[in-house]
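Under my numbering, read the sequence shown as residues 1 to 341, first letter to last.
Quick reminder that beta carbons are idealized off the backbone N, C-alpha and C, glycines included.
Notes to accompany the following structure.
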Amino acid sequence: MTYVADDERYERIPYRRCGRSGLRLPAISLGLWHNFGDDRPVDVQRAILRRAFDLGVTHFDLANNYGPPYGSAETNFGRIMREDLAPYRDELIISTKAGYDMWPGPYGEWGSRKYLLASLDQSLRRMGLDYVDIFYSHRFDPETPLEETMGALDRAVRSGKALYAGISSYSPERTAEAAAILREMGTPLLIHQPSYSMLNRWIEGGLLDALGREGAGCIAFSPLAQGMLTDKYLDGIPEGSRASKGTSFSSSLLSEENLRHVRTLNELARGRGQSLAQMALAWSLRDGRVTSALIGASSVRQLEENLAALDRLDFTADELAEIDRNAVEAGINIWASSSAH
1 MTYVADDERY ERIPYRRCGR SGLRLPAISL GLWHNFGDDR PVDVQRAILR RAFDLGVTHF
61 DLANNYGPPY GSAETNFGRI MREDLAPYRD ELIISTKAGY DMWPGPYGEW GSRKYLLASL
121 DQSLRRMGLD YVDIFYSHRF DPETPLEETM GALDRAVRSG KALYAGISSY SPERTAEAAA
181 ILREMGTPLL IHQPSYSMLN RWIEGGLLDA LGREGAGCIA FSPLAQGMLT DKYLDGIPEG
241 SRASKGTSFS SSLLSEENLR HVRTLNELAR GRGQSLAQMA LAWSLRDGRV TSALIGASSV
301 RQLEENLAAL DRLDFTADEL AEIDRNAVEA GINIWASSSA H
């Protein structure tokens with residue numbers, strides 16, 4: 001059946017300006033890090049993407065190595081884009097990234113011009129697109145001159161293969177340097193994508209201030225701390241969860257101290273009439289410098305539950321104080337090495 005988008009989609013979600021740019025993003029965006037590889041049925045992926053757009057989510061975020069296997073999330077998204085979303089291309093913000101390992105050899109990761117531009121070409125082929133809206137340097141490369149990495153982003157924009165340039169997991173200092181280089185080239189830094197959640201608050205230590213000065217937006221990934229800020233682990237480690245698989249999330253992070261804080265946060269969320277996940281998403285958006293929170297979804301139901309966080313974004317001073325007492329560093333920032341330089 002031919003997909004026709006809901007006529008009321010733009011009445012269902014707030015949009016926020018991305019820094020000082022002309023671009024606005026949905027307050028919650030959909031990331032395809034998990035659940036969009038070849039290990040998940042394409043029909044389920046299609047249902048999630050259709051429902052997201054029907055609810056006003058216009059931004060879909062990918063990277064070259066999302067899967068499994070690497071590249072499959074872009075391939076699957078490209079199929080759904082072609083079969084369902086192609087008539088709405090100009091209503092969508094599609095982003096991808098390069099920086100982590102993608103193919104063998106010395107040119108298959110990090111931040112060289114060779115790797116970034118080759119990866120972008122491959123991403124466009126997999127998705128069947130002429131351009132992406134945002135192309136990111138996925139992590140800082142300490143061995144490559146920043147001028148080369150930013151020069152590749154500038155080239156991607158000037159070639160028409162990307163509309164905007166972004167960076168991910170860069171420190172405040174490197175962010176300022178990157179923004180200055182891009183500004184001199186005439187391609188402003190649009191956005192930074194850092195990890196950020198109640199249990200991983202590193203961006204409050206200078207990055208948000210740097211982005212504010214540079215006029216760049218911020219889109220927070222992993223705002224649910226890879227599932228810790230949901231009800232998933234309150235009573236143990238369920239089979240099939242990320243912690244049970246031990247891939248990007250170690251079960252050792254589910255210490256009794258961490259869980260004590262999470263359970264307290266869960267009770268506070270219940271008092272607000274929200275799930276823990278909904279409160280965590282609302283909290284991540286409390287600072288106006290955060291343009292959007294990036295969620296994943298394994299089902300339409302999970303997508304809808306998370307988007308319902310936007311129904312209650314306000315916090316009292318007492319609620320924020322209680323959250324602060326329990327929103328503590330939990331050792332979950334596995335991307336810290338990139339932003340440590």
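- Its chain contains L146, E147, M150 as the residues whose beta carbon lies nearer than 7 Å to that of I181, once the 5 sequence neighbours on both sides are disregarded; these appear in chain order.
- When only Cα atoms are considered, A27 and L294 end up about 9 Å apart.
- A straight-line Cα-Cα distance of about 42 Å links E322 and L153.
- Within the segment 272-300, complete alpha helix (DSSP H) segments of at least 4 residues are found at 276-284, given in chain order.
- For the 8 Å CB-CB criterion, P194 and S159 do not form a contact.
- In the DSSP assignment, no residue is bridged to I13.
- When DSSP reads this structure, V132 sits in a beta bridge with A162.
- In this structure the segment 66-79 touches the segment 36-53; the number of beta carbon pairs closer than 8 Å is three or more.
- Non-local C-beta neighbours of L190 in its own chain, meaning closer than 8 Å and more than five positions away in sequence, comprise C18, G19, S21, L23, I134, Y164, A165, G166, A216, G217, ordered along the chain.
- DSSP places T264 in the helix class (H, G or I) of the three-state scheme.
- Comparing alpha-carbon positions, the option among R40, G212, H59, T316 lying closest to T75 turns out to be R40.
- Put simply, of A176, M185, I332, W103 the residue whose alpha carbon is nearest the alpha carbon of V157 is M185.
- Every alpha helix (DSSP H) stretch that sits fully inside the segment 48-116 and reaches 4 residues is listed by chain position as 72-80.
- Between E8 and the set D235, L55, R312, Y233, the nearest pair of CA atoms involves L55.
- Sorting L320, P87, I219 by C-alpha distance to the C-alpha of Y3 places P87 at the top.
- Counting along the chain, the unbroken beta strand (DSSP E) around R24 starts and ends at 24-26.
- Note that the segment 56-67 does not touch the segment 314-334; fewer than 3 beta-carbon pairs, one per stretch, sit closer than 8 Å.
- In the structure shown, N326 adopts helical secondary structure according to DSSP, grouped into three states.
- Straight through space, the alpha carbons of E109 and N333 are spaced by roughly 21 Å.
- If you look at L189, you'll find it in the beta strand (DSSP E) that goes 189-193.
- In the structure shown, A340 falls within a coil segment according to DSSP collapsed to helix, strand and coil.
- P142 and Y70 have their alpha carbons spaced roughly 24 Å apart.
- The three-state secondary structure of A220, taken from DSSP, is strand.
- Between the alpha carbons of M198 and G205 lies a distance of about 14 Å.
- Counted as a single uninterrupted DSSP element, the alpha helix (DSSP H) harbouring L207 occupies residues 207-214.
- A direct Cα-to-Cα measurement between I219 and S292 gives close to 5 Å.
- For the pair S338 and A5, the Cα-to-Cα distance works out to about 39 Å.
- In the DSSP annotation of this structure, L313 is not part of any alpha helix (DSSP H), being labelled neither H nor E.
- In this structure, the beta-carbon distance from N65 to T96 does not fall below 8 Å.
- The beta carbon of R12 lies closer than 6 Å to those of L55, G56 in the same chain, with the five residues before and after it left out.
- Under the three-state reduction of DSSP output, G227 falls in the helix class.
- The C-alpha of V262 lies about 39 Å from the C-alpha of P188.
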